[in-house]
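Only one structure is covered here, and it is reproduced in the block below.
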Amino acid sequence: MNSEVQIPVWLPFLLLFSSLFFLMKKKIGAKRRTRSNQLPPGPPKLPIIGNLHQLGSLPHRSLQQLSKKYGPVMLLQLGSVPTLVVSSAKTAQQVLKTYDLECCSRPLLAATGRLSYSYLDVAFTPYGKHWKEMRKICLLELLSVKRVQSFRFIREEEVALMIDSISQSSSSGNPVNLSYKSMSLNMEVICRVAFGKSFRDGGLDVRKFQGLVQEAFSIMGSFSASDFFPRVGRFIDRITGMHGRLQRIFHDLDLFYQEVIDDHLRSERHKQEEDDDIIDVLLKIKKNQTDSSALQITHDHIKAITMNIFFAGVETGAAVVEWVMAELARNPRVMKKAQEEIRNHIGEKGKISESDIDQLQYLKLVVKEALRFHPPGAFLIPRESRSQFTINGYNVYPKTLIYVNVWAIGRDPESWENPGQFYPERFIDSPLDYKGHHFEFLPFGAGRRGCPGMNMGLLMVELALANLLYHFDWKLPNGLKEEDLNMEEAAGLSNHVKQALVLVPTKHQ
Numbered sequence: 072m073n074s075e076v077q078i079p080v081w082l083p084f085l086l087l088f089s090s091l092f093f094l095m096k097k098k099i100g101a102k103r104r105t106r107s108n109q110l111p112p113g114p115p116k117l118p119i120i121g122n123l124h125q126l127g128s129l130p131h132r133s134l135q136q137l138s139k140k141y142g143p144v145m146l147l148q149l150g151s152v153p154t155l156v157v158s159s160a161k162t163a164q165q166v167l168k169t170y171d172l173e174c175c176s177r178p179l180l181a182a183t184g185r186l187s188y189s190y191l192d193v194a195f196t197p198y199g200k201h202w203k204e205m206r207k208i209c210l211l212e213l214l215s216v217k218r219v220q221s222f223r224f225i226r227e228e229e230v231a232l233m234i235d236s237i238s239q240s241s242s243s244g245n246p247v248n249l250s251y252k253s254m255s256l257n258m259e260v261i262c263r264v265a266f267g268k269s270f271r272d273g274g275l276d277v278r279k280f281q282g283l284v285q286e287a288f289s290i291m292g293s294f295s296a297s298d299f300f301p302r303v304g305r306f307i308d309r310i311t312g313m314h315g316r317l318q319r320i321f322h323d324l325d326l327f328y329q330e331v332i333d334d335h336l337r338s339e340r341h342k343q344e345e346d347d348d349i350i351d352v353l354l355k356i357k358k359n360q361t362d363s364s365a366l367q368i369t370h371d372h373i374k375a376i377t378m379n380i381f382f383a384g385v386e387t388g389a390a391v392v393e394w395v396m397a398e399l400a401r402n403p404r405v406m407k408k409a410q411e412e413i414r415n416h417i418g419e420k421g422k423i424s425e426s427d428i429d430q431l432q433y434l435k436l437v438v439k440e441a442l443r444f445h446p447p448g449a450f451l452i453p454r455e456s457r458s459q460f461t462i463n464g465y466n467v468y469p470k471t472l473i474y475v476n477v478w479a480i481g482r483d484p485e486s487w488e489n490p491g492q493f494y495p496e497r498f499i500d501s502p503l504d505y506k507g508h509h510f511e512f513l514p515f516g517a518g519r520r521g522c523p524g525m526n527m528g529l530l531m532v533e534l535a536l537a538n539l540l541y542h543f544d545w546k547l548p549n550g551l552k553e554e555d556l557n558m559e560e561a562a563g564l565s566n567h568v569k570q571a572l573v574l575v576p577t578k579h580q
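Quick note on our numbering: the sequence shown kicks off at 72 and runs consecutively.
In structure tokens, the structure reads:
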């Protein structure tokens with residue numbers, strides 16, 4: 072689903088333009104030496120574009136290499152935007168815990184944020200009243216343990232359908248595109264959870280929505296001039312067509328969400344409360360609110376919440392399943408050990424339910440190691456500083472963009488032994504978890520901006536993996552050797568494998 076990020080058409084022009092000013096700007100640093108001594112270190116920058124040329128196609132890797140030279144607190148200038156990059160557990164703890172309140176604002180990034188949050192300016196209010204109410208609704212009404220458990224039958228049904236589909240391929244010896252299967256599985260589950268509709272259903276044009284989602288993923292993983300040049304970037308985006316593309320996708324998504332809401336309002340939905348989808352829950356909150364309610368829910372709020380849950384849930388869950396299966400294919404010892412645990416526990420029952428997952432301790436170690444080694448988001452969603460604070464003795468000023476390089480932290484030799492090795496046993500008897508309490512391990516973030524959908528996402532991942540490993544033995548196609556499997560990453564919104572993962576399943580007897 073991810074397409075590789077291409078160099079923006081406007082960037083070469085800026086590079087050419089900036090070179091004309093290079094000599095004129097050579098001495099400007101001396102005039103600001105007093106203040107710069109208090110700023111974090113960072114690589115030299117070019118006029119106008121700053122350090123944009125140093126990001127590369129995989130910024131998490133490029134910035135990890137730069138941090139080896141300039142340290143775990145590093146300041147760059149991305150266009151006109153000062154940007155702080157932190158790359159160690161200790162510095163991440165300062166940003167996400169010590170100075171969480173100072174860093175909890177969200178920047179309005181054109182491609183990665185504006186599409187998802189177009190409905191809600193309050194989403195960017197720094198920990199304000201409306202933001203608190205929105206998060207409370209998500210945690211208590213939509214993503215609570217009880218609500219997540221109510222969607223169990225959806226997850227189990229969709230996984231069973233995926234297994235049946237793969238069984239047809241295994242009977243004929245055909246390879247299976249697991250990248251496609253994992254993405255389709257997550258899209259089906261989230262669509263049913265959010266809208267009460269499947270892509271297989273009639274009625275609403277969910278297939279059109281599937282195409283919109285794919286295009287949205289592509290644009291949200293691309294560069295936009297507005298992200299780095301707030302004053303002139305919108306003009307550049309209009310010239311390149313980025314602005315028009317964003318507007319069209321948002322308009323089409325808005326029409327789809329309104330159609331879903333209208334369908335829920337028209338339908339005679341005599342269901343048990345535990346069978347409510349997310350639209351049902353939000354419409355009930357809207358219906359029951361009073362004039363004294365802290366936040367007056369509108370249809371735009373419902374659309375925004377649903378969009379964020381959908382986009383966050385589909386990409387990340389699919390990426391984790393993809394990376395786990397890729398690492399297992401490269402590490403037959405680990406795959407065999409995981410399969411033996413699952414098959415010994417399930418026996419002849421022939422079906423894995425969510426109630427079995429808690430007994431599969433080694434599978435949980437495998438998932439943990441994949442989250443460390445291949446976090447679904449190489450960076451946490453960027454933050455923006457609200458006020459001045461000091462980190463490692465350096466000043467960070469308001470309106471500084473802040474990136475936490477989770478990918479680099481998960482491979483930091485100061486936090487992990489043999490960090491370049493995929494070794495699930497490292498988590499045996501380890502207190503480290505992914506819930507935001509240990510800053511060496513941050514696949515879902517921490518603090519006020521931690522991921523509220525973590526539990527629902529992991530249930531989906533673990534159930535899918537348990538079934539894939541229980542029902543099938545897996546091998547690489549066309550005599551490919553383990554060490555030759557392409558483990559390159561695709562540039563994009565989430566951290567996926569660059570080349571689709573294709574494996575050959577054999578039905579386990």
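In this text, a Cβ means the ideal position worked out from N, Cα and C, and glycines have one as well.
Please state the DSSP three-state secondary structure of residue i.
i	result
Met558	coil
Pro403	helix
Leu214	coil
His124	helix
Thr471	coil
Val284	helix
Lys252	helix
Lys207	helix
Phe299	helix
Tyr25	Because the chain is modelled from 72 through 580, residue 25 falls outside the range shown and cannot be assessed.
Leu232	helix
Asn466	strand
His508	coil
His542	helix
Phe222	coil
Arg454	strand
His579	coil
Ser257	At residue 257 the sequence reads Asn, which differs from the Ser that was named. In this structure, Asn257 counts as helix in the three-state DSSP scheme.
Leu529	helix
Phe444	helix
Asn476	strand
Suppose the cutoff is 6 Å on Cβ atoms and the five residues either side in sequence are ignored; what does the same chain contact list for residue i look like?
i	result
Met406	Leu399
Leu540	Ala409, Gln410 and Ile413
Leu353	Ile373
Ile462	Val144 and Gln165
Asn313	Here residue 313 turns out to be Met, not Asn, going by the sequence shown. Within the same chain, Met313 has close Cβ partners Ser295.
Val230	Leu534, Ala535 and Asn538
Rounded to whole angstroms, what is the Cα-Cα separation between residue i and residue j?
i	j	result
Leu451	Gly521	9 Å
Asn566	Gly448	6 Å
Arg103	Gln164	Per-residue confidence for Arg103 stands at a pLDDT of 48, beneath the threshold of 50, marking its modelled position as unreliable; no derived number is given.
Leu134	Glu485	17 Å
Leu213	Glu286	26 Å
Pro576	Phe224	25 Å
Leu551	Asn402	13 Å
His445	Trp394	7 Å
Asp298	Arg305	9 Å
Val284	Phe327	11 Å
Val303	Thr154	18 Å
Asn466	Leu110	5 Å
Phe288	Gly244	32 Å
His508	Trp202	23 Å
Phe321	Thr377	14 Å
Glu228	Lys422	11 Å
Gln432	Tyr494	14 Å
Could you name the residues of the same chain whose beta carbon sits closer than 7 Å to that of residue i, not counting the 5 residues immediately before and after it, in chain order?
i	result
Glu173	Ser456, Arg457, Ser458 and Phe460
Asn257	Gly384, Val385, Gly388, Ala389 and Met531
Lys470	Glu455 and Ser456
Ser241	Phe543, Pro576, Thr577 and Lys578
Val264	Phe222, Ile225, Asp348 and Ile349
Val392	Ser253, Val532, Ala535 and Leu536
Gln367	Gln360
Gln430	His416
Glu316	In the sequence on display, residue 316 carries Arg and not Glu. Taken in chain order, the residues that qualify are Ile290.
In chain order, what residues of the same chain have a beta carbon less than 8 Å from the beta carbon of residue i, not counting five sequence neighbours either side?
i	result
Asp500	none
Gln492	none
Leu126	Ser133, Leu134 and Leu149
Leu556	Ala397, Ala400, Arg401 and Leu547
Uninterrupted beta strand (DSSP E) stretches inside the region 316 to 396 (no shorter than 3 residues): none
Length at least 3, wholly inside the region 112 to 178: the beta strand (DSSP E) runs in chain order: Residue ranges of uninterrupted beta strand (DSSP E) with 3 or more members, entirely inside the region 112 to 178 and ordered along the chain, are 144 to 149 and 152 to 157.
Cβ contact (3+ pairs, closer than 8 Å) linking the region 435 to 444 and the region 120 to 127: Taking 8 Å as the limit for Cβ pairs, the verdict is that the region 120 to 127 does not touch the region 435 to 444.
The region 501 to 515 / the region 476 to 493 touching (three or more Cβ pairs under 8 Å): yes
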